[in-house]
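**Student:** Please find one structure pasted underneath; my questions will follow.
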Amino acid sequence: MSRFITIVLFVLILSKIQGQQKLLLWPDGNVPNQKKSDEKEKFSETDIIRISNVQTPSIEIYLPSKSIRTGKAVVICPGGGYGILAYDWEGTDFAKLLNSKGIAAFVLKYRLPVSSSIIDPKWAPLQDAQQAFRLIRSNAKKWDINPTTIGIMGFSAGGHLASTLGTKYDKKTTADSNNPLKHLSARPNFMALIYPVITFDEKYYHGGSKNNLIGKDASVELIEEFSNNLQVNSNTPPTFLVHSADDKGVPIENSLLFYEALLKNNVSAEMHLYSNGGHGYGLGRGKGSLEDWPQLLLTWIQELK
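Mapping of the sequence shown onto this note's numbering: position 68 corresponds to residue 69, and the numbering continues sequentially without gaps.
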């Protein structure tokens, strides 16, 4: 355990020297569910920052000024169809907004199931999300975070990962075998799902996300296991949802199905639906009434008990 903590501290110091503070999820280099490979992580920046072939999953740490800290925190999962991460558009941009309101933010750079280095692709994103929560809770005191007010949010496929963690936070995987943080809870205290992928039912699914995560020819059992509206129970965290009726990439039924499942299980939920907006609008800048959703979410987070 002490060796693990030493490695974590070294990585934190090194990352802070190099720029925005980052923390590797598996700092000893033994990334679970991953084999040795020559595959390299890819980074491109045109209109937005895109990251693919993630080999070293991490969290990028955004802590608000001490004078305005609320003790609340959010882990952000960028979308990208489980093929890339729209890292700034659906990640760091919102982290900075959260910081301005006294909320700590952590942008999750999670492994993508299309990577050839992953042994069992369908579980790698969840393993990284679970570990992110455990790492944050292990550092909660140092970062002035209340460990009972840490939420997760995700955009598009990142919303699928967020809702997967919200419904499978206690899933046992190979990552637990030698993990010194396995005793810590990976359960989010709340979720924010922005135009999320939820179901892999062929009527409403996003083909790229489904095919990349569980495969084009996935069994009925696997489709149901990763259709998160079917996994909701009374312990699923309170949830905030945003979607547009004209979303051609991820049909609005994804949010509707999840909202209905939450209500059936007496889970607190708030949903905001817009007639226009399409898909992938990030913070909604220049999108009329869609620009309001970030403030609606901030108010919802601030009012959570």
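Where a beta carbon is used, it is the ideal one built from N, C-alpha and C, also for glycine.
Nothing here was measured: the structure is a model prediction, and the numbers come from that model.
(1) Residues in the same chain with beta-carbon distance under 6 Å from Phe227, minus the five sequence neighbours each way, listed in chain order, please.
(2) Who pairs with Gly285 in a beta bridge, going by DSSP?
(3) DSSP state of Val76, grouped into three classes?
(4) Ile137 to Leu274, Cα distance in whole Å?
(5) Looking only at C-alpha atoms, which of Phe134, Ser59 and Gly209 sits nearest to Lys23?
(6) Return the residue from the list Asp218, Glu91, Leu162 and Tyr83 that minimises the CA-CA distance to Gly281.
(7) Can you tell me which of the three DSSP states Gly160 falls into?
(8) Would Ala105 pass as a contact of Pro148 if the rule is Cβ separation under 8 Å?
(9) Please determine if the segment 197-211 and the segment 251-259 are in contact, where contact requires at least 3 C-beta pairs separated by less than 8 Å.
(10) Using CA atoms only, rank isn't needed, just tell me which of Ser164, Ile120 and Lys143 is closest to Val32.
(11) Could you work out which residue in Gly285, Leu297 and Asn54 is closest to Tyr122 when comparing CA atoms only?
(12) So what's Gly152 in DSSP terms, helix, strand or just coil?
(13) Helix, strand or coil, according to DSSP, for Ser276 in the structure here?
(14) I'd like the list of long-range same chain contacts for Ser3, defined as Cβ closer than 6 Å, with 5 residues on each side in sequence excluded.
(15) Apply the 10 Å Cβ neighbour rule to Asn213 and answer buried if 16 or more other Cβ atoms are within range, or exposed otherwise.
(16) Look at Leu298 and Phe259 and say whether their C-beta atoms are less than 8 Å apart.
(17) So, at 8 Å on beta carbons, what are the nonlocal neighbours of Ile8 in its own chain, with the 5 sequence-adjacent residues on each side left out?
(18) Provide the residue(s) that pair with Ile195 in DSSP beta bridges, ordered along the chain.
(19) What separation, rounded to the nearest whole angstrom, lies between the Cα atoms of Lys306 and Gly103?
(20) Ends of the beta strand (DSSP E) at Ile52?
(21) With Leu264 as the anchor, note down where its alpha helix (DSSP H) starts and where it stops.
(22) At the level of alpha carbons, what is the spacing between Gln19 and Val268?
(23) Taking the alpha carbon of Thr168 as the reference point, which residue from Glu225, Lys211, Ser68 and Lys142 has its own alpha carbon closest?
(24) Around the C-beta of Ile69, are 16 or more other C-beta atoms found within 10 angstroms, so that it is buried, or is it exposed?
(25) Relative to the alpha-carbon of Pro197, which residue among Val115, Ala163, Val233 and Thr93 has its alpha-carbon at the smallest distance?
(26) Using the three-state DSSP reduction, which class does Glu226 fall into: helix, strand or coil?
(27) Pull up the distance between the alpha-carbon of Leu185 and that of Arg135, whole angstroms please.
(28) Following the continuous alpha helix (DSSP H) through Lys143, name the residue where it begins and the one where it ends.
(29) For Ser45, which residues in the same chain have their Cβ closer than 6 Å to its Cβ, ignoring the five residues on either side in sequence?
(30) Starting from Phe95, trace the alpha helix (DSSP H) in both directions and tell me its first and last residue.
(31) Have a look at Glu304 and Trp144 and give me their C-alpha separation to the nearest angstrom.
**Tutor:** For this structure:
(1) Within the sequence shown, the letter at position 226 stands for residue 227. Hits under 6 Å: Phe201 and Ile215.
(2) Here residue 285 corresponds to residue number 284 of the sequence shown, with the count starting at 1. Answer is none; Gly285 lacks a bridge partner.
(3) As a working mapping, residue 76 is identified with position 75 in the sequence shown. In this structure, Val76 counts as strand in the three-state DSSP scheme.
(4) Residue numbering aside, residue 137 sits at position 136 when the sequence shown is read from its first letter. Residue numbering aside, residue 274 sits at position 273 when the sequence shown is read from its first letter. If you draw a straight line from the Cα of Ile137 to the Cα of Leu274, it comes to about 32 Å.
(5) If you number the sequence shown from 1, residue 23 lands on position 22. The shortest Cα separation from Lys23 among Phe134, Ser59 and Gly209 belongs to Ser59.
(6) Counting from 1 along the sequence shown, the entry for residue 281 is found at position 280. Nearest of Asp218, Glu91, Leu162 and Tyr83 to Gly281, Cα basis: Glu91.
(7) Reading the sequence shown from its first residue, position 159 is the one you call residue 160. In the three-state reduction of the DSSP assignment, Gly160 falls in the helix class, which pools H, G and I.
(8) Locating residue 105 in the sequence shown gives position 104, where the first residue counts as 1. Locating residue 148 in the sequence shown gives position 147, where the first residue counts as 1. Cβ atoms of Ala105 and Pro148: not closer than 8 Å.
(9) Cβ pair count under 8 Å is three or more, so yes.
(10) Here residue 32 is taken as the residue at index 31 of the sequence shown, counted from 1. Distances from the alpha-carbon of Val32 to those of Ser164, Ile120 and Lys143 put Ile120 closest.
(11) Residue 122 sits at position 121 when you count from the first residue of the sequence shown. Before going on, a small fix: residue 122 reads as Pro here, not Tyr. Nearest C-alpha to Pro122: Asn54.
(12) Mapped onto the sequence shown, residue 152 falls at position 151. Looking at Gly152 - three-state DSSP - the assignment turns out to be strand.
(13) Along the sequence shown, one-based indexing puts residue 276 at 275. Ser276 falls in the coil class under three-state DSSP.
(14) Taking the sequence shown and counting its residues from 1, the one referred to as residue 3 is at position 2. Since pLDDT at Ser3 reaches only 45, below the 50 mark, its modelled position is unreliable, and the value read off the structure follows with that caveat. Excluding positions up to five away in sequence, the list is empty.
(15) Residue numbering aside, residue 213 sits at position 212 when the sequence shown is read from its first letter. That one is buried.
(16) Along the sequence shown, read from residue 1 onward, the residue named residue 298 stands at position 297. Along the sequence shown, read from residue 1 onward, the residue named residue 259 stands at position 258. With contacts defined as CB atoms closer than 8 Å, Leu298 and Phe259 fail to qualify as a contacting pair.
(17) To locate residue 8, count along the sequence shown from 1; it is residue 7. At Ile8, the pLDDT of 43 sits below 50, so the modelled position is not reliable; the number obtained from the coordinates is stated separately. If we look at Ile8 and ignore the five residues flanking it on each side, its Cβ neighbours are Pro28 and Asp29.
(18) Taking the first residue of the sequence shown as position 1, residue 195 is located at position 194. In DSSP, Ile195 forms a bridge with Phe156 and Val243.
(19) To locate residue 306, count along the sequence shown from 1; it is residue 305. To locate residue 103, count along the sequence shown from 1; it is residue 102. Looking at the two C-alpha atoms, the distance is approximately 16 Å.
(20) Numbered from 1 along the sequence shown, position 51 holds the residue referred to as residue 52. That run of the beta strand (DSSP E) goes Ile50 to Ser53.
(21) Position 263 of the sequence shown, counting from 1, holds the residue named residue 264. Glu254 to Lys265 is the extent of the alpha helix (DSSP H) around Leu264.
(22) Against the sequence shown, residue 19 aligns to sequence position 18. Against the sequence shown, residue 268 aligns to sequence position 267. Confidence at Gln19 is low in this model, with a pLDDT of 35, below 50, so its placement is unreliable and no value can be given for it.
(23) Mapped onto the sequence shown, residue 168 falls at position 167. Of Glu225, Lys211, Ser68 and Lys142, the residue nearest in Cα terms is Glu225.
(24) Taking the sequence shown and counting its residues from 1, the one referred to as residue 69 is at position 68. Under this definition Ile69 is an exposed residue.
(25) If you number the sequence shown from 1, residue 197 lands on position 196. Cα-wise, what sits closest to Pro197 is Ala163.
(26) One-based indexing of the sequence shown puts residue 226 at position 225. Note: Glu226 maps to helix in three-state DSSP.
(27) Against the sequence shown, residue 185 aligns to sequence position 184. Against the sequence shown, residue 135 aligns to sequence position 134. Leu185 and Arg135: Cα-Cα distance of roughly 6 Å.
(28) Position 142 of the sequence shown, counted from the first residue, corresponds to residue 143. From DSSP, Lys143 is part of no alpha helix (DSSP H); its letter is neither H nor E.
(29) In the sequence shown, residue 45 corresponds to position 44, counting from 1. Taken in chain order, the residues that qualify are Arg51.
(30) In the sequence shown, residue 95 corresponds to position 94, counting from 1. First-last of the alpha helix (DSSP H) with Phe95: Asp94 to Ser101.
(31) The residue you call residue 304 lines up with position 303 of the sequence shown. The residue you call residue 144 lines up with position 143 of the sequence shown. The alpha-carbon atoms of Glu304 and Trp144 are separated by roughly 21 Å.
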